Ligand code: WTA
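Residue numbers (our numbering): 175 to 740.
Printed below as a string of structure tokens:
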């Protein structure tokens, strides 16, 4: 396997082995004010504490095709104080869940920090979610309020979530809704509610292979991990212009779109508008982006647009490119070396880990095709199904020794699910299969469960299946991830329809629309196949792996538990 020379040996981290041998998480905590005061609030550490020294520095730079809006650290601090005052006035208190369901905008970030300041728990949701997607998540953790935008508020299932008392609406509140914009008149000072390191920080909903989406709860302590990985992996320095392309509805958009840069005193770039190669390159040029954290699907799409397009833009500000969310093909790295004159640094982690766990560091030679090595202070291993560590080049379960600061604290109301991750205590089992090579580099092999990864987004088959069977003509459905050269995987649904129903192309389109409109566009199948019966275990569970193997023309493996339809 080829190995590329280190991109930047002069990085913040310097030599990997040296950093690993001397690193202690206890030392990182010294960079925070709570280490002196004993009082913790993530919003204070990310924003307010910088005001004295960096008050006039840009914290948020928002760009859409027409305009640019910037907020300095001081402005963000004051605006989020106002929002915190509004929340208190509305009777929202510590520990309450507050959903953020907004298009990307400065307001989204103001709301996020305002919620944190009163020690309520923000639950950011991707704006593409529709009613059913919202209902599953809201009925799980009973929010008291939603911060939203006029254009999205009609999707909120207000009547079906009894806990939900308050809608705070930007750009046009009506009736009993509270106007976001009114918060501007409120007091601009606020003393954050002080917490301990183990108190809640936020919840992200994510999908598993069974059941509804899970609410992954993180603790305040997570910011220690965000800060240090921001420093050593994103290599953030005070003059950097940083752009993380992920939406705050996903964990990458909060851990690395908000916390890692701001905790390091570096501003974050936010763009509005769908992905297009031109818009993205223009963003890099307009903002002068130096560090760019993105995803393989986007890079593959950019690669598809070719190098000529690049010559229309000035991308010379870029000094570090990173990627997350799905396997990064070696081909993309080689192309980037030509097109951007630098490699892509792959990073691996999950919603549950809260921070990057395995990565290619700027100072370390990259092996294209490998996710890299564990972060200093993180121990990773490959274990078998009994929890025994495997040797070099043996494929098994990718596991991490528990205790890193950003590790999830719990799964909302689902202790048993949480414990499943630690069935090989002290190892956290990721659900990914991987192996480690003779040089200690980790390589991704696949998921061990049925979770689908489409364009870097994690989609649970159960959620899509549940939506499909809500359609009046559908009896049953099973959903798999089908390999795709650009998106990594696409969603394919196998559908059993009621007797006598015409299995037409129109019905396929209708079902796709049905999922799009009810759940979310990114969760909609791209392919549908009608089938007479679904393969099932004797206990009646759908065997998605059988469908997948058939689809790929692979050996069906051990089918001893199989029953109907196999
Ligand atoms: C996958 C995203 C290959 C993996 C931060 C993991 C990756 C899941 C990589 C988590 C990578 C993430 N190479 N696969 N570099 N990074 N994944 O929770 O299957 O949305 O378990 O978190 O994405 O997805 P999640």
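C-beta: ideal position from N, C-alpha, C; glycine also.
Being a predicted model, the structure only gives us computed values, none of them experimental.
- So the beta strand (DSSP E) residue 431 belongs to, where does it begin and stop? Where residue 431 is concerned, there is no enclosing beta strand (DSSP E), given that its DSSP letter is neither H nor E.
- Message: On the DSSP letters alone, give me the boundaries of the alpha helix (DSSP H) that residue 572 sits inside.
- Response: Careful: residue 572 lies outside any alpha helix (DSSP H), inside the beta strand (DSSP E) at 570 to 575.
- Task: Going by CA-CA distance only, name the one from 714, 699, 728 and 185 that's closest to residue 408.
- Result: 185
- Answer with buried or exposed for residue 177, where buried requires no fewer than 16 other C-beta atoms within 10 angstroms of its C-beta. exposed
- Task: Consult DSSP for residue 601 and reduce its assignment to one of helix, strand or coil.
- Result: strand
- Message: Could you compute how far the alpha carbon of residue 743 sits from the alpha carbon of residue 242?
- Response: Coverage of the chain is limited to positions 175 through 740, which leaves residue 743 absent and any answer about it impossible.
- Message: I'd like the list of long-range same chain contacts for residue 499, defined as Cβ closer than 6 angstroms, with 5 residues on each side in sequence excluded.
- Response: 469 and 630
- Item | Segments of 3+ residues assigned as beta strand (DSSP E) that fall wholly inside the stretch 610 to 674 | 616 to 621, 626 to 628, 631 to 633, 648 to 658 and 662 to 671
- Query: Can you give the beta carbon distance from residue 293 to residue 390, rounded, assuming they're within the 8 angstroms contact cut?
  - Reply: That belief does not hold up - the Cβ atoms of residue 293 and residue 390 are roughly 19 angstroms apart, past 8 angstroms.
- Kindly indicate which residue of 305, 325 and 342 has the alpha-carbon position closest to the one of residue 333. 305
- Whole angstroms is fine: what's the gap from residue 608's alpha carbon to residue 436's? 33 angstroms
- Message: Please state the DSSP three-state secondary structure of residue 336.
- Response: coil
- Query: So what does residue 418 bridge to, in DSSP terms?
  - Reply: 467
- Could you tell me which of 386, 472, 728 and 442 sits nearest to residue 640, measuring between CA atoms? 386
- So, helix, strand or coil for residue 697, using DSSP? helix
- Taking contact to mean at least 3 C-beta pairs separated by less than 8 angstroms, is the stretch 459 to 479 in contact with the stretch 587 to 595? no
- Helix, strand or coil: which one does DSSP assign to residue 199? helix
- Query: Does DSSP put residue 498 in a helix, a strand or coil?
  - Reply: strand
- Message: Whole angstroms are fine: how far does the CA of residue 510 sit from the CA of residue 746?
- Response: Nothing in the structure corresponds to residue 746, since the chain is present only between 175 and 740.
- Message: Please report whether the beta-carbon of residue 490 lies at a distance below 8 angstroms from any beta-carbon of chain D.
- Response: Going by chain labels, chain D is absent from the structure shown, which holds only one protein chain.
- DSSP state of residue 689 mapped onto helix, strand, coil: helix
- With respect to 7 angstroms, is the separation between the Cβ of residue 545 and the closest non-hydrogen atom of ligand 1 below this value? yes
- Item | Beta carbon of residue 563 nearer than 8 angstroms to that of residue 554 | no
- DSSP bridge partner residues for residue 606 (one or two, in chain order): 621
- Endpoints, beta strand (DSSP E) assigned at residue 245: 242 to 246
- Task: Just the C-alpha distance for residue 729 and residue 721, rounded to the nearest angstrom, thanks.
- Result: 11 angstroms
- Message: If contact is defined by three or more beta carbon pairs under 8 angstroms, each pair taking one atom from either stretch, is the stretch 613 to 628 in contact with the stretch 573 to 586?
- Response: no
- Message: What would DSSP say about residue 559, mapped onto helix, strand or coil?
- Response: coil
- Along the beta strand (DSSP E) that carries residue 716, what are the first and last residues, could you check? Note, residue 716: premise wrong, no beta strand (DSSP E); not H, not E.
- Task: Could you give the DSSP three-state label for residue 450: helix, strand or coil?
- Result: coil
- Coil, strand or helix - residue 369 by DSSP: strand
- Message: Closer than 7 angstroms to a non-hydrogen atom of ligand 1 - does that hold for the CB of residue 618?
- Response: yes
- Message: Taking only three categories from DSSP, how would you classify residue 723?
- Response: helix
- Message: Quick check on residue 392: does DSSP put it in helix, strand or coil?
- Response: strand
- For residue 502, which residues from the same chain have a beta carbon less than 7 angstroms from its beta carbon, with the 5 sequence-adjacent residues on both sides left out? 470, 518 and 520
- Task: Out of 433, 345 and 340, state which residue places its alpha-carbon closest to the alpha-carbon of residue 351.
- Result: 340
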